[in-house]
Amino acid sequence: MASKISHIPAVVSSPALVAALLSFSIAQIAKVFTHYHATGKIDYTRVVGSGGMPSSHTALVVGLCTSIGLKEGMSSSIFALCLVFSLVVMYDATGVRLHAGRQAEVLNQLIVELPRDHPLTDSRPLRDTLGHTPIQVVVGAILGMSVAYVHFVFWMATYAL
Numbered sequence: 010m011a012s013k014i015s016h017i018p019a020v021v022s023s024p025a026l027v028a029a030l031l032s033f034s035i036a037q038i039a040k041v042f043t044h045y046h047a048t049g050k051i052d053y054t055r056v057v058g059s060g061g062m063p064s065s066h067t068a069l070v071v072g073l074c075t076s077i078g079l080k081e082g083m084s085s086s087i088f089a090l091c092l093v094f095s096l097v098v099m100y101d102a103t104g105v106r107l108h109a110g111r112q113a114e115v116l117n118q119l120i121v122e123l124p125r126d127h128p129l130t131d132s133r134p135l136r137d138t139l140g141h142t143p144i145q146v147v148v149g150a151i152l153g154m155s156v157a158y159v160h161f162v163f164w165m166a167t168y169a170l
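Here this note's numbering = 1-based position in the sequence shown + 9.
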């Protein structure tokens with residue numbers, strides 16, 4: 010048991026993991042502000058929600074990919090793996106998840122228009138902020154790259170001497 014616990018600091022001190030998690034956290038917090046800018050309403054639940062500006066999943070995978078590319082090299086196999094993984098996540102965010110969210114909007118509207126005695130009128134509304142527009146994904150990617158680069162520069166200056 011003690012040996013498993015002793016590995017925790019090593020994992021947490023991984024520059025790639027720290028850059029990825031920092032990118033994700035900044036993106037999630039930014040959603041509160043971008044939601045306020047778009048709607049004029051503060052909604053702190055955006056910190057834990059999916060969808061919206063910027064894409065935190067994209068920021069996470071691109072932050073990881075950038076950090077690994079900077080440390081291991083852009084021609085490394087692990088960077089190639091991360092790049093492919095990142096592209097799949099970004100494609101999914103703008104494709105399947107975006108369209109699932111749009112379908113949820115339509116279904117929610119159909120349920121609202123049903124007669125009051127219909128059995129589906131008591132249904133909970135479906136979550137409709139699931140995916141991202143391409144611009145939300147691009148902003149998430151820029152955020153992930155930027156955070157990873159800044160983190161790498163500071164990490165190199167501090168630990169890699």
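Heads up, the beta-carbon is just placed ideally off N, CA and C, and yes, glycines get one too.
The structure presented is a predicted model; accordingly, all values stated were derived computationally and were not measured.
Simplified DSSP state of residue i, which is helix, strand or coil
i	result
Ser34	helix
Ser22	coil
Gly72	helix
Met62	coil
Lys40	helix
Val218	Missing from the structure shown is residue 218; the chain here goes from 10 to 170 and no further.
Residue i versus residue j: straight-line alpha-carbon distance, rounded
i	j	result
Phe94	Phe88	10 Å
Val146	Asp131	35 Å
Ala47	Met62	10 Å
Thr75	Gly49	34 Å
Ser22	Ser86	22 Å
Glu114	Gly58	16 Å
Ala102	Phe33	15 Å
Buried versus exposed, by CB contacts within 10 Å (16 or more), residue i
i	result
Ile51	exposed
His127	exposed
Arg163	First, the residue type needs correcting, since residue 163 is Phe and not Arg in the sequence shown. Answer is exposed; the Cβ neighbour count stays below 16.
Arg55	buried
Ile144	exposed
Val98	buried
Leu96	exposed
Leu31	buried
Neighbour flag for residue i against chain B, beta carbons, 7 Å
i	result
Ser64	The chain labelled as chain B is not found in the depicted structure, where only one protein chain is given.
Q: Kindly provide the ranges of any alpha helix (DSSP H) runs that are 4 or more residues long and lie completely inside the segment 78-152, ordered along the chain.
A: 86-103 and 105-121
(Q) For the pair the segment 109-125 and the segment 34-50, tell me if three or more CB-CB distances fall below 8 Å. (A) no
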